[in-house]
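Residue numbers 5 to 396, in my numbering, belong to the letters of the sequence shown in order.
We put the beta carbon where it would ideally sit given N, CA and C, even for glycine.
Given the structure is predicted, the values throughout are model-derived calculations rather than measurements.
Take a look at the structure set out below.
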Amino acid sequence: MSMSPAASAPASSLEALLRDRIRQFQGLDFATFMELCLYHPEFGYYMAPRERIGKQGDFFTSSSVHALFGGLIARQLHEMWQLLGGGPFTLAEQGAGEGHLAKDVLDAVAEQFPAFYQNLRYALVEISPDNRQRQQAVLTEHAARLSWCELEELAGMEGCVLSNELLDAFPVHLLEKQEGELKEVFVTLRGETISEELRPLTNPAVLEYLQSQQLQPVEGNRIEVNLAAPAWIAQVGGLLKRGFVLTIDYGYPAAELYAPFRRNGSLMCFHRHSSSDNPYQRFGEQDITAHVDFTAVERCGQAADLERLYFGEQYRFLMGLGFVEALMELQARETDERKAQALRMTLKTLILPDGGMGETFKVLIQGKGVGRPTLLCQRSMADIARTAAGLG
5 MSMSPAASAP
15 ASSLEALLRD
25 RIRQFQGLDF
35 ATFMELCLYH
45 PEFGYYMAPR
55 ERIGKQGDFF
65 TSSSVHALFG
75 GLIARQLHEM
85 WQLLGGGPFT
95 LAEQGAGEGH
105 LAKDVLDAVA
115 EQFPAFYQNL
125 RYALVEISPD
135 NRQRQQAVLT
145 EHAARLSWCE
155 LEELAGMEGC
165 VLSNELLDAF
175 PVHLLEKQEG
185 ELKEVFVTLR
195 GETISEELRP
205 LTNPAVLEYL
215 QSQQLQPVEG
225 NRIEVNLAAP
235 AWIAQVGGLL
245 KRGFVLTIDY
255 GYPAAELYAP
265 FRRNGSLMCF
275 HRHSSSDNPY
285 QRFGEQDITA
295 HVDFTAVERC
305 GQAADLERLY
315 FGEQYRFLMG
325 LGFVEALMEL
335 QARETDERKA
345 QALRMTLKTL
355 ILPDGGMGET
365 FKVLIQGKGV
375 GRPTLLCQRS
385 MADIARTAAG
395 LG
């Protein structure tokens, strides 16, 4: 089940560095390889200046589809602010990309909830110098509300930690079961070509993870183990004094993510809106992602006093926050029917299960020291239907 090596092409600076590291360490586990490809300070995909999001980039995110996505999230954040007493509120977003979600949230809060806006501090946790510069340019009008910081500097915060498509970009270990034994994928050289081979699984952290999550893939299956995501949620839970963690990403509960039918795992690469399962090409020029194990994130959150308040598909989350009503309102303002139809098709991308983002993307909300409130996003479909019909 090994993936195809890269075709012959001029070596990039990152490719040359990878070859040197592979020779130095007699092979790299896939997590180390993926971290270098994405986060090398000079050549990494997320670190070097490039267009990543939107038509000119490699992929779309929900926030790049329409500002309504951030506007609806703003409604949930406003309720969280009220639940915490209506005082100073820190909204910390890690991995904010170019800052478009932050802008849409801040625009909506400033317009709809001015008292919340005056109490809001928007803290961005960003390791990419390129992204930080883009965020500063996009968020100029909200400069008074902004700060950039390290994650550790949020210790004792009250508010909400927000992430949108962060955990899927954390490096993963690749495992494959062959002849009844779990093997780990190592990135090696075949001649001068970067390729892979299976080696005995000896990493104690990976073995401990598999045991704690009770994971045992079937013969021939490949899975990803994301050690960074549980470590991240544990750290966030320790930093948060009181408040919420709102995580949006594509993934599944463990039983579905590691189901026998998912033979090749979920690792995917994206380049100019084309996807492939081959990470051994376009080094530093393509995104590499893997679906999130939300069961592990929830379990490790519980150990850090984070209690699950909500988990569901993105379409349910957005509809609970008023997607249908907002769509109707936006359409009513549009006098050109062709533009209204284009708007409908654009916004449906956020909720459609097939070919859209509505089902693959999940939303997990965890709380600490907030009790068990019923959140706005948990509105029932019956209530949404009544409101849409004008009966609510």
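Does DSSP put Thr293 in a helix, a strand or coil? strand
Secondary structure at Ile369, three-state DSSP: helix, strand or coil? Of the three classes helix, strand and coil, the one that applies to Ile369 here is strand, per DSSP.
For Thr206, which of helix, strand or coil comes out of DSSP? coil
With a threshold of 16 other CB atoms inside 10 Å of the CB of Ala159, please say whether the residue is buried or exposed. Exposed, by the Cβ-count rule.
Would you kindly check if the distance between the Cβ of Ala300 and the Cβ of Gln217 is under 7 Å? yes
At the level of alpha carbons, what is the spacing between Glu180 and Glu228? The C-alpha of Glu180 lies about 9 Å from the C-alpha of Glu228.
Determine the direct distance from the alpha carbon of Ala386 to that of Cys153, and round the result to whole angstroms. Cys153 and Ala386: Cα-Cα distance of roughly 42 Å.
Where Gly316 and Glu333 are concerned, what is the direct C-alpha to C-alpha distance, given to the nearest angstrom? 25 Å
Leaving out the 5 sequence neighbours to the left and right, which residues in its chain are closer than 7 Å to Glu39 when beta-carbon positions are compared? Pro175
Closest to Asn123 by CA distance: which of Asn135, Leu110, Asp134 is it? Leu110
Spatial neighbours of Leu379 in its chain, beta-carbon cut-off 7 Å, leaving aside the 5 residues before and after: Only Gln80, Glu83, Leu313, Tyr314, Ile369 meet the Cβ criterion.
Decide yes or no for the touch test of the stretch 242-249 against the stretch 179-197: beta carbon pairs closer than 8 Å, at least 3 of them. no
Along the chain, where does the beta strand (DSSP E) that runs through Ser151 open and close? 150-152
Going by Cα to Cα distance, which pick from Ala100, Phe248, Leu21, Asp281 is closest to Pro377? Phe248
Touch test, the stretch 30-50 against the stretch 286-303, Cβ-Cβ under 8 Å, three pairs minimum: yes
Over what stretch of residues does the beta strand (DSSP E) that includes Gln218 continue unbroken? Note, Gln218: premise wrong, no beta strand (DSSP E); not H, not E.
If you draw a straight line from the C-alpha of Gly90 to the C-alpha of Thr144, how long is it? When rounded, the distance between both Cα atoms is 25 Å.
Quick one: grab the DSSP three-state call for Asn268. coil
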